[in-house]
Amino acid sequence: MNSNYKIIKFRSNNSKEVSDQISIEEPLEIILKYKDKENWIENTISITMRTPGDDEDLVTGFLFNERVIEKISHIENIVASGEPVGQYKLQNKVIITINNSENIDIDKIKRNFLTNSSCGVCGKTSLESLEIIKKDKILKSIPKIHHEIVMKSPDILKQKQSEFSKTGGIHASGLFRANGEIIAVKEDVGRHNALDKLIGFVLKQNLLDNSSQFLTCSGRLNFDLVQKALMANIGVLIGVGAPTSLAIDLANKFDMTLVGFVKEGSFNIYSNSERIIIKK
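For the sequence shown, my numbering begins at 15 and goes up steadily by one.
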């Protein structure tokens, strides 16, 4: 979703006013509805800055990746709420009704998220309070990805981005098969939101097969993206930018392959290189 803005473009010592397409960024308040004994309770658990559209995929992936739910069947329904507001007349609230209320620890959830956060790990009150709830490591033998597929995947991702070509200001995450075929792409101004949208979408469509799939993301790879990929048991995460130290440490801890700085003819493997097939 984008909008036209008047800007001054400066080129070759000349300036002119032009219309430019800009990616829209709007808040989304995520409200959890659950039953406490006989009473229905609603609690805001997070506010994220996102690109409007695919909000249902976003909150599904978010709740799954943060293990507020363990299965998407735990979601009874998702409803947009609130009066249309702002310049674009959007409903910027969403209510998710949960049918496994006995597993909801709302105090723990609220401790883990600051409601003015724009990303998952930023929303944790501190790194020390972040509990890695994934206990099992990823099987090292799968998937196997040829190095040429690794190098091609960012270009394929970019070609499939509908909004990037218009604005240049939006991130994307793509799910690929090991042969390089792209399965699905989601975009957002937040790289973490793009991945939440993608995982939410493929879970709902029953498209996830971690034995033969990998993820490619635009931008750098941080702790948050690695954590979300791990929740979906995806063994290979590729990015066009640099990983952070925590991203590498987490990937190593759970046997994920992390590949960064991917460009034509080169890339860096930061962990578990055995999944990448390199042939001269």
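Ideal Cβ positions, reconstructed from N, Cα and C, are used throughout, including at glycine.
(request) Kindly indicate the opening and closing residues of the beta strand (DSSP E) around residue 191. (result) From DSSP, the beta strand (DSSP E) with residue 191 extends over 185–191.
(message) Assuming residue 216 and residue 192 are in contact, meaning their beta carbons sit under 8 Å apart, how far apart are those beta carbons, in whole angstroms?
(response) With a Cβ gap of about 15 Å, residue 216 and residue 192 do not count as contacting.
(request) Answer with buried or exposed for residue 219, where buried requires no fewer than 16 other C-beta atoms within 10 angstroms of its C-beta. (result) By the neighbour-count criterion, in which a residue is buried when 16 or more other Cβ atoms sit within 10 angstroms of its Cβ, residue 219 is exposed.
(request) Under 7 Å Cβ to Cβ from residue 67, same chain only, skipping five residues before and after it: list those, please. (result) Once the five neighbours on either side are set aside, the close Cβ partners of residue 67 are 15.
(request) Below 8 Å on the Cβ atoms is my guess for residue 261 versus residue 272; work out the distance and round it to an integer in Å. (result) At roughly 6 Å, the Cβ-Cβ gap stays under 8 Å, so residue 261 and residue 272 are in contact.
(request) With DSSP collapsed to three states, give me the class of residue 287. (result) In the three-state scheme derived from DSSP, where H, G and I count as helix and E and B as strand, residue 287 is classed as helix.
(message) Can you tell me whether residue 25 is buried or exposed? The criterion is at least 16 other CB atoms within 10 Å of its CB, across all chains shown.
(response) Exposed, by the Cβ-count rule.
(request) Can you give me the Cβ contacts of residue 76 inside the same chain, cut-off strictly under 6 Å, excluding the 5 residues immediately before and after it? (result) So the list reads 210, once near-sequence residues are dropped.
(request) Assign residue 41 to one of three DSSP states: helix, strand, or coil. (result) Strand, per DSSP.
(message) Between the alpha carbons of residue 110 and residue 45, how many angstroms are there, rounded?
(response) When rounded, the distance between both Cα atoms is 6 Å.
(request) Would you check if the segment 164–175 and the segment 219–237 touch, i.e. whether three or more CB-CB distances between them fall below 8 Å? (result) Contact holds: three or more Cβ-Cβ distances are below 8 Å.
(request) Can you tell me which of 188, 278, 165 and 163 puts its alpha carbon nearest to the alpha carbon of residue 175? (result) Checking every option, the nearest Cα to that of residue 175 belongs to 188.
(message) Below 8 Å, is the gap between the Cβ of residue 155 and the nearest heavy atom of the ligand ZN?
(response) Looking for the ligand ZN in the displayed structure turns up nothing, as the structure carries no ligands at all.
(request) Give a yes or no on whether the C-beta atoms belonging to residue 153 and residue 269 are separated by under 9 Å. (result) Yes.
(request) For residue 155, write down the residues that DSSP places opposite it in a beta bridge. (result) The partner list for residue 155 (beta bridge, DSSP) is empty, contrary to what the question assumes.
(request) Using alpha carbons as the reference points, say which of 80, 69 and 83 lies closest to residue 108. (result) Distance check between residue 108 and each of 80, 69 and 83 places 69 closest, using alpha-carbon atoms only.
(request) Can you grab the Cα-Cα spacing for the pair residue 234 / residue 253, in whole Å? (result) Residue 234 and residue 253: Cα-Cα distance of roughly 6 Å.
(request) Measure the C-alpha to C-alpha separation of residue 86 and residue 280 and round it to an integer number of angstroms. (result) Looking at the two C-alpha atoms, the distance is approximately 38 Å.
(message) Are the CB atoms of residue 65 and residue 37 within a distance shorter than 9 Å?
(response) Less than 9 Å separates the beta-carbon of residue 37 from that of residue 65.
(message) Just to check my reading of the structure: residue 115 and residue 48 have Cβ atoms closer than 8 Å, yes? What is that Cβ distance to the nearest angstrom?
(response) Indeed they touch by this definition, with Cβ atoms about 4 Å apart.
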